[in-house]
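In this note's numbering, the protein residues as written are 829 to 935.
Note that CB positions come from ideal geometry on N, CA and C, so glycine has one too.
Note that the structure is a prediction, hence the values are computed from the model and not measured.
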Amino acid sequence: MLKISFLLSVALGIASVVAVGVLWGMLSGMGVFSTVTDTINELQSGASSATKINIADWFSLARVLALAVVFAVFDVILLTAMSTLTAVIYNLCAALLGGVQMVLSDD
């Protein structure tokens, strides 16, 4: 169970990093970051140029993907541990209470 849950968690982590990259690309292509930056700076019209906020710097591709990778690694560790623990608990309960028995035969 440990190996299977690890491999599935890694696949889920890779898929989530790719999904975050695609979503960032779509948002950047639509100009969402520049629109939000313009709106925030318009609200701060009286502020000096040094205090203006640039959302594109905060949400750069490298920063977003690095954060997605950190969350993916944490997710892989957490899901692997939880899946293995769940399998152990299930096997203990099945041994104590006599779980479902299935016989497969080749006729």
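- Sequence-distant partners of I842 (beyond 5 residues in either direction) whose C-beta falls short of 8 Å from its own C-beta, in its chain, are A900.
- With a cut-off of 8 Å on Cβ pairs, the region 840-855 is in contact with the region 879-893, counting three or more such pairs.
- For the 8 Å CB-CB criterion, L840 and D903 form a contact.
- Taking the CA atoms as reference points, A915 sits about 11 Å from I832.
- Contact check for S844 against A894 fails: the beta carbons are separated by 8 Å or more.
- In this structure T867 is exposed. Its beta-carbon is surrounded by fewer than 16 other beta-carbon atoms within 10 angstroms.
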